[in-house]
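Whatever position you read off the sequence shown (first residue = 1), add 605 for the numbering used here. Note that CB positions come from ideal geometry on N, CA and C, so glycine has one too. Working notes, beginning with the structure itself.
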Amino acid sequence: MCSPEHFAVEYAINPWMDVTAPVDAELAVKQWDRLRETLVGLGHEVHLLVPEPGLPDMVYAANGAFMVDGTVYGARFKHEQRAAEAATHRAFHESQGWRFIAPNETNEGEGDFAYLPEAHGGLVLAGYGFRTELPAHAEAQEALGRPVVSLRLVDPRFYHLDVALASIDDGNVVYYPGAFSSASQRVLNQLFPDAVLADDEDALAFGLNLVSDGANVVLNSEATRLAGRLKAAGYTPVPVELAELKKGGGSVKCCIAELRY
Ligand code: ARG
Numbered sequence: 606m607c608s609p610e611h612f613a614v615e616y617a618i619n620p621w622m623d624v625t626a627p628v629d630a631e632l633a634v635k636q637w638d639r640l641r642e643t644l645v646g647l648g649h650e651v652h653l654l655v656p657e658p659g660l661p662d663m664v665y666a667a668n669g670a671f672m673v674d675g676t677v678y679g680a681r682f683k684h685e686q687r688a689a690e691a692a693t694h695r696a697f698h699e700s701q702g703w704r705f706i707a708p709n710e711t712n713e714g715e716g717d718f719a720y721l722p723e724a725h726g727g728l729v730l731a732g733y734g735f736r737t738e739l740p741a742h743a744e745a746q747e748a749l750g751r752p753v754v755s756l757r758l759v760d761p762r763f764y765h766l767d768v769a770l771a772s773i774d775d776g777n778v779v780y781y782p783g784a785f786s787s788a789s790q791r792v793l794n795q796l797f798p799d800a801v802l803a804d805d806e807d808a809l810a811f812g813l814n815l816v817s818d819g820a821n822v823v824l825n826s827e828a829t830r831l832a833g834r835l836k837a838a839g840y841t842p843v844p845v846e847l848a849e850l851k852k853g854g855g856s857v858k859c860c861i862a863e864l865r866y
């Protein structure tokens, strides 16, 4: 994770960002800190990146890399404004001694890649259409040695995979069908017949931008119906308020890069 100390909406690279809307960075830090405490309280170890002035989107740490079984596939941001973030993630991963593979193709890390270790023997789901480019999916497959399933995103409000789909345990997902092309919806339905589905209201409240440890699902507090559906499916929803970070176009998952080693 990376503190939103320098968070601001200085440019608009997704439909949620409005450069004229005021942003309260102090409140953003408070809400982000509650998220960090929630994860620690659930027993997770949280590493922190040092936020850098001039990189207002650094708080969305999910976009910096994608890691599977100790191998890290680095990010290459689509927009110039975020390009420098990739090096800070790379330096962190290398300092931990993990195998780092530098990308040649445009991809935004966990923003567009999800990993399900128990689905069909270990599957990577990958989004494209807005940020990550299709050739990066093949590059990730070569880097990580896991089959990558490409899913086409078609609604600009769901510009990353992680605002439309999340793993809720090692083998199942929750998603919002409307974010995907109809063919990709069929693929998801074939791979995950037991998936939990979200409605448009919860999806637009960033409900799918969640993290789950297989039992506890930390999600945006506004996604109330989705919390109910997850509870009915046997999970424990843990709602957190992240209204300020919504102004940059992200929520829970965007703030968290999962370390799988
Ligand atoms: N303002 C950031 C961008 O547009 C938000 C990134 C959200 N991160 C995510 N993993 N979806 O790039």
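Strand pairing of residue i, partner residues [DSSP]
i           : result
residue 825 : 845
residue 622 : According to DSSP, residue 622 bridges with nothing at all.
residue 801 : 779
residue 718 : 731
residue 817 : 822
residue 607 : 654
Residue range of the unbroken beta strand (DSSP E) whose run includes residue i
i           : result
residue 732 : 728-733
residue 785 : Looking at the DSSP string, residue 785 is not in any beta strand (DSSP E), and its letter there is neither H nor E.
residue 757 : 753-757
residue 670 : 670-673
residue 679 : 676-679
Same chain, Cβ closer than 8 Å to residue i, five either side skipped, listed in chain order
i           : result
residue 620 : 761, 762, 764, 854
residue 647 : 818, 821, 823, 843
Segment limits, alpha helix (DSSP H) that includes residue i
i           : result
residue 772 : From DSSP, residue 772 is part of no alpha helix (DSSP H) but of the beta strand (DSSP E) over 770-772.
Check: residue i C-beta below 7 Å from any heavy atom of the ligand NAP
i           : result
residue 765 : As presented, the structure is devoid of the ligand NAP, carrying the ligand ARG as its sole ligands.
Chain-order list of residues whose beta-carbon lies under 6 Å from that of residue i (same chain, five-residue window excluded)
i           : result
residue 624 : 614, 617
residue 831 : 803, 807, 812
residue 790 : 782
Short CB-CB distance (under 8 Å) between residue i and chain B
i           : result
residue 611 : In the structure shown, chain B cannot be found, because there is only a single protein chain.
Cβ neighbour criterion (16 or more within 10 Å) applied to residue i
i           : result
residue 717 : buried
residue 670 : buried
residue 636 : buried
residue 794 : exposed
residue 782 : buried
residue 627 : exposed
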